[in-house]
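Protein chains in written order, with full-length UniProt numbering: chain A, 1 to 240; chain B, 1 to 240.
The C-beta atom is built at its ideal place from N, Cα and C for all residues, glycine as well.
Some notes on the structure that comes next.
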DNA sequence: CGATCTATTGAGCCTATTCAACCGTCGTGG
DNA sequence: CCACGACGGTTGAATAGGCTCAATAGATCG
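Here's what the structure looks like:
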């Protein structure tokens, strides 16, 4: 209840699109729903590809496994995001998908989806939109990684998270990161200490606020403050 | 001529798939072919999305433009790769696509492609494969960026390039980077000096060899040497 | 209540950046 | 025709940003 926020202006069209897509899936083809808990693997690297997954509720991370066994978080996925798309080309999933929270994941057979898409073009459109969004997001991720110092990367990460919530009509003034500092650091290409220092610095600048002792519930009075923080970091490294 | 190399074992199936896809496109729907030269923009950020492009010959880079105008190379694209996929969701391209070499780019209207895909499912499959490959590649890119020191990132970059050539049945013993050190550095998240030092180091270790004064023609006697160099870098940073 | 996990913070070190000088190539115009 | 400037590349020296190592503290759980 009360999921709709002040920011439900143009963003709620995106939330609506997600709802429509989930509805469409449910009515167009056999969907298997599954409840997942934090740590559950939705699929594993190397496993034969066959089904695509859509996050209905909850949050999921995707983790690449390098040849020598080291892990790399390569994506975060929220309500309406699709999982397993990287597996289409090779016929095998190329990463693990791990739930970060309790939630529900819907699964559809890729072949069945394509068949259904022949009758219902909106399904195809939804799939393409999801892939396209993922590609654009990956680009932004790359740019953050390449161009920003650690503190700004942390700020940018929080901004991304808040944005993802906002676009889905969820509350953005307070977000709860279901990730350890180590996980965040892995995703952002820095050490857990740097993440901690970055967050502390943001808190000291009153850009964010910790809401409990665990320090994973974070309040962001104004998301734009994160933006200007990032901008300032760039300016100082460029002009100096 | 003599494009097929020793390594044309399982890799040539990929080259064949590309050839088939290009053939399929040509026969299934109206394709506009265009000759491009180094520096030509195939599309621009912000431009209305409508058509997808496929690299027929040559090489193309995609460049993100941040809000404050700084550029970030987010992808490299060779024969058979699709361009513009990130534009589907928003209806606008989110990056520039710039030719790095003379080559030919084929363009098809997305809507027409989807229509044609109804009659010819292999078209749809080709599109999905391309998107899927791009996603998987982005993950690898991210992992390199997050987990490797500069020298290893340069080595990994050369390996990726050689691999891309090999999978397309092109010669891999000698590659010519149509990029300045600055461009490579931008793509790899490091300075041009670091790229230069990295390449010099690899040359000093006899892993690569420069073939001309311009130092963009690079010979790689054995691609696996790059792999083991990367592996060694990881080992030394992990164990130390 | 000890053991474990997560987070924070400090100190020292190292890697990669910054700044700078230098060289070779290329294109252009005096 | 050659001098000059612009550009791309290399290399060195100094600096700084982020990492490593280490100590501390709170939280959770058996």
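Taking Cβ-Cβ distances shorter than 8 Å, what residues in chain B pair up with residue 129 of chain A?
Against chain B, the beta carbon of residue 129 of chain A has neighbours under 8 Å at 88 and 89, listed in chain order.
Determine which residues share a DSSP beta bridge with residue 209 of chain B and list them.
For residue 209 of chain B, which the question treats as bridged, DSSP gives the partners B/219.
Measuring only between beta-carbons, confirm whether residue 196 of chain A sits less than 8 Å from chain B.
Not one chain B Cβ lies under 8 Å of residue 196 of chain A.
Secondary structure of residue 79 of chain A, DSSP reduced to three states
Judged by DSSP in its simplified three-state form, residue 79 of chain A adopts coil rather than helix or strand.
Cβ of residue 105 of chain A less than 8 Å from any chain B Cβ?
With 8 Å as the cut-off, residue 105 of chain A does not count as an interface residue toward chain B.
Give a yes or no on whether the minimum CB-CB distance between residue 55 of chain A and chain B is below 8 Å.
Residue-level contact by beta carbon fails for residue 55 of chain A and chain B, as no gap is shorter than 8 Å.
Residues that residue 136 of chain B contacts on chain A, provided the C-beta gap is smaller than 8 Å:
Against residue 136 of chain B, the close residues of chain A are 86, 89, 90 and 94, in the order they occur along the chain (beta-carbon pairs closer than 8 Å).
Below 8 Å on C-beta distance, what does residue 147 of chain A contact in chain B?
For a Cβ distance threshold of 8 Å, residue set 66, 70, 72 and 189 of chain B lies close to residue 147 of chain A, ordered along the chain.
Neighbour flag for residue 143 of chain A against chain B, beta carbons, 8 Å
With respect to chain B, the C-beta atom of residue 143 of chain A has a partner C-beta closer than 8 Å.
Residue ranges of each beta strand (DSSP E) run of no fewer than 3 residues wholly in the region 61 to 140 of chain B, ordered along the chain?
Secondary structure in the region 61 to 140 of chain B: the beta strand (DSSP E) runs of 3 residues or longer, each lying completely within the stretch, are 71 to 77, 95 to 99 and 103 to 109 in chain order.
Interface residues of chain A around residue 109 of chain B at Cβ under 9 Å?
None at all; the shortest Cβ gap to chain A is about 14 Å.
Based on the DSSP output, what are the partners of residue 53 of chain A in its beta bridges?
Bridge partners of residue 53 of chain A: A/83 and A/107.
Opposite residue 176 of chain B in the DSSP bridges: which residues?
According to DSSP, which records beta bridges pairwise, residue 176 of chain B is partnered with B/217.
Check whether the region 51 to 60 of chain A and the region 83 to 101 of chain B touch, using three or more Cβ-Cβ pairs below 8 Å as the test.
Flag = no, the region 51 to 60 of chain A and the region 83 to 101 of chain B do not touch.
Across which residues does DSSP place residue 35 of chain B in a beta bridge pair?
DSSP lists B/104 as partners of residue 35 of chain B.
For my contact list, residue 173 of chain A and residue 220 of chain A are in at a C-beta cut-off of 8 Å; report their separation, rounded to the angstrom.
Yes, they are in contact, since the Cβ atoms of residue 173 of chain A and residue 220 of chain A sit about 6 Å apart, within 8 Å.
In the DSSP assignment, what are the bridge partners of residue 48 of chain B?
B/92.
Is residue 326 of chain B close to chain A, meaning its C-beta is less than 8 Å from at least one C-beta of that chain?
As shown, chain B starts at 1 and ends at 240. That puts residue 326 of chain B outside it, with no answer to give.
Contact set between residue 179 of chain B and chain A, taken where Cβ atoms lie within less than 8 Å:
Within 8 Å Cβ-Cβ: nothing; residue 179 of chain B doesn't reach chain A, min ~15 Å.
Give the single residue among A/178, A/222, A/190 and A/29 whose Cα lies nearest to the Cα of residue 216 of chain A.
Selected option, being the one with the closest Cα: A/178.
Alpha carbon to alpha carbon, how far is residue 84 of chain B from residue 195 of chain A? Give it in angstroms, no decimals.
Distance between the alpha carbons of residue 195 of chain A and residue 84 of chain B: 34 Å.
Assuming residue 24 of chain A and residue 181 of chain A are in contact, meaning their beta carbons sit under 8 Å apart, how far apart are those beta carbons, in whole angstroms?
The C-beta distance from residue 24 of chain A to residue 181 of chain A rounds to 39 Å, too long to fall under 8 Å, and the pair is not in contact.
Check the C-beta distance from residue 64 of chain A over to residue 139 of chain B and give it rounded, since I have them as a contact under 8 Å.
Confirmed, about 5 Å.
Could you tell me the distance, in whole angstroms, from the CA atom of residue 43 of chain B to the CA atom of residue 108 of chain B?
Looking at the two C-alpha atoms, the distance is approximately 13 Å.
Hey, residue 190 of chain A and residue 175 of chain A: beta-carbon distance below 8 Å or not?
It is not a contact, given that the beta carbons lie outside the stated cut-off.
Are there 16 or more other CB atoms within 10 angstroms of the CB of residue 150 of chain B, so buried, or fewer, so exposed?
Classification of residue 150 of chain B: buried, given that the 10 Å Cβ count is 16 or more.
Exposed or buried, what is residue 228 of chain B when buried is set at 16 or more other beta-carbons lying within 10 Å of its beta-carbon?
Exposed, because fewer than 16 other Cβ atoms sit within 10 Å of the Cβ of residue 228 of chain B.
Between which two residues does the alpha helix (DSSP H) carrying residue 204 of chain B extend?
Taken as a continuous stretch (DSSP letters only), the alpha helix (DSSP H) holding residue 204 of chain B covers 192 to 204.
Test: residue 114 of chain B CB closer than 8 Å to a CB of chain A:
It does: the Cβ of residue 114 of chain B has a partner Cβ on chain A nearer than 8 Å.
Would you mind sorting residue 46 of chain A into buried or exposed? The rule is 16 or more other CB atoms within 10 Å of its CB.
Using a 10 angstroms sphere on the CB of residue 46 of chain A, the tally of other CB atoms stays under 16, which defines it as exposed.
For residue 220 of chain B, decide whether its Cβ has a neighbour in chain A, counting only Cβ atoms nearer than 8 Å.
Contact of residue 220 of chain B with chain A is not assigned, every C-beta pair being separated by 8 Å or more.
Give every residue of the same chain whose Cβ lies closer than 8 Å to the Cβ of residue 147 of chain B, excluding the five residues on either side of it in the sequence, and list them in chain order.
Result list for residue 147 of chain B: 234, in chain order.
Let me see if you follow: with CB-CB separation under 8 Å, is residue 139 of chain A close to chain B or not?
Yes, residue 139 of chain A counts as interfacial toward chain B.
Exposure label - residue 133 of chain B; buried when at least 16 CB within 10 Å
The residue is buried, with at least 16 neighbouring Cβ atoms inside 10 Å.
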